[in-house]
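Chemist: Okay, so the sequence shown: first residue is 90 according to the working numbering, each after it adds one.
Glycine included, C-beta positions come from ideal geometry on N, C-alpha and C.
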Amino acid sequence: MRALCTAAALLGRFALPKVAIRPAFQIVCLNRLLFDADECTIDSQGILTVELPSTDPRFRHVKDHLKLKEKETLRVGVIDGGVNDSAEATWVSSDAVDSKEALRLELGDRSLLDVPNVENCPKVDVLLAMPRPLQFARILPMLSSVGVGTIWLTGAKRVEKSYFSSHLLKEENADQLRAALVEGLVQAGDTVVPKFRFHRSLRHSLEDIRNACASLENPAIKWLCHPLRIGDYDTLHAMRAPVERSSRILVAVGPERGWDEPKELELFADEDFQQVTLGPRTLRTDVATVSLLAVAHARLAELEEC
90 MRALCTAAAL LGRFALPKVA IRPAFQIVCL NRLLFDADEC TIDSQGILTV
140 ELPSTDPRFR HVKDHLKLKE KETLRVGVID GGVNDSAEAT WVSSDAVDSK
190 EALRLELGDR SLLDVPNVEN CPKVDVLLAM PRPLQFARIL PMLSSVGVGT
240 IWLTGAKRVE KSYFSSHLLK EENADQLRAA LVEGLVQAGD TVVPKFRFHR
290 SLRHSLEDIR NACASLENPA IKWLCHPLRI GDYDTLHAMR APVERSSRIL
340 VAVGPERGWD EPKELELFAD EDFQQVTLGP RTLRTDVATV SLLAVAHARL
390 AELEEC
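1. On the three-state DSSP scale, how would you describe Ile-131?
2. Can you name, in chain order, every residue of its own chain whose Cβ lies under 7 Å from the Cβ of Gln-363, other than the five neighbours on each side?
3. Would Leu-258 pass as a contact of Ala-269 if the rule is Cβ separation under 9 Å?
4. My assumption, with CB atoms under 8 Å, is that Asp-169 sits in contact with Thr-280. Please give the rounded CB distance.
5. Buried or exposed for Pro-369, going by 16 or more other Cβ atoms inside 10 Å?
6. Flag this pair as yes or no: are the beta carbons of Leu-202 and Leu-137 separated by less than 9 Å?
7. Going along the chain, which unbroken runs of the alpha helix (DSSP H) with 4 or more residues stay wholly within the segment 185-249?
8. My assumption, with CB atoms under 8 Å, is that Val-207 sits in contact with Val-340. Please give the rounded CB distance.
9. Just verifying my parser: in three-state terms, what is the DSSP assignment at Gly-368?
10. Of the choices Asp-127, Arg-373, Met-328, Thr-243, whose alpha-carbon is the least far from that of Ala-385?
11. What would DSSP say about Ala-377, mapped onto helix, strand or coil?
12. List the endpoints of the continuous alpha helix (DSSP H) containing Asn-300.
13. Beta carbon of Ala-277, beta carbon of Ala-245: below 9 Å?
14. Skipping 5 residues on each side, what residues in its chain have a beta carbon closer than 7 Å to that of Leu-382?
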């Protein structure tokens, strides 16, 4: 039930109107203000501070939506660093030409610049067949919001070649792809940006995954999402698929028309993927991905509570 509620909340949060698609690079400030390390300065007392001019969208969010008063606190974090749930705010005059007012935040001590302990990072990864470009832009913040360590984006037989024309896959737009992932972190209150790997070939993606898993202390649990077929007794429902404490879960989600049968399914079988399902329905990529990731997190959380 918890997994389904998480999935529903994410899909509700990121559902976009058909007539107005929000640009992938526009960050929406919600549950935690995030800052890059190079935006921060360390004062004479060793306190990490940041100053936002009135032209910064995070300034407008704090002033117009949060309506934060002098010396009140809010939740902040450094991207790929630490967090502070009680950063103190001060409204000051600005020296900038285009800004008369600024917001100064005391984030905390310089330890916020340290990389978080790996134990506190998501233990779930995803292999995603390239969806339609608009859907890809929409799903990126969903992935970082629900929590993934690495995103492997791959081609597949049923992926249209035109999908790879997405502007987010162009090298010069890497900052826009990162900003889409940061948007999801802001929503979730996390700071660690997922790693992103891309191969047009499914075979190359699986080789990359094999190499990454070779360095793990415990073997990764690999789930292959595929619609349930009548009479298919080898496919397990994701809620009943075996999981182990201290292992990572890798979820593979294919094109909306499914993975190619039998060739691609055989490639996954050779890499020890367990075929799982959410039932007989064919789901949209975003629905299937968020639902499976939510189930994976819930299954791991159950083991931690035991």
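Modeler: In terms of the structure at hand:
1. Strand at Ile-131.
2. These residues qualify, in order along the chain: Lys-311, Trp-312, Leu-313, Leu-325, Ala-330.
3. Taking 9 Å as the cut-off, the beta carbon of Leu-258 is found no closer than this to the beta carbon of Ala-269.
4. Right, the Cβ-Cβ distance comes to about 6 Å (below 8 Å), so this counts as a contact.
5. An exposed status is given to Pro-369, since fewer than 16 other beta-carbon atoms sit within 10 Å of its beta-carbon.
6. Taking 9 Å as the Cβ cut-off, Leu-202 and Leu-137 qualify as a contacting pair.
7. Listed in chain order, they are 222-235.
8. About 19 Å separates the two Cβ atoms, so there is no contact after all.
9. DSSP, read as helix, strand or coil, puts Gly-368 in coil.
10. Among Asp-127, Arg-373, Met-328, Thr-243, the Cα nearest to that of Ala-385 belongs to Met-328.
11. It is helical.
12. Note, Asn-300: alpha helix (DSSP H), 291-303.
13. Their beta carbons are not under 9 Å apart, which means Ala-277 does not touch Ala-245 by this criterion.
14. Taken in chain order, the residues that qualify are Val-213, Val-215, Val-235, Val-237, Val-340.
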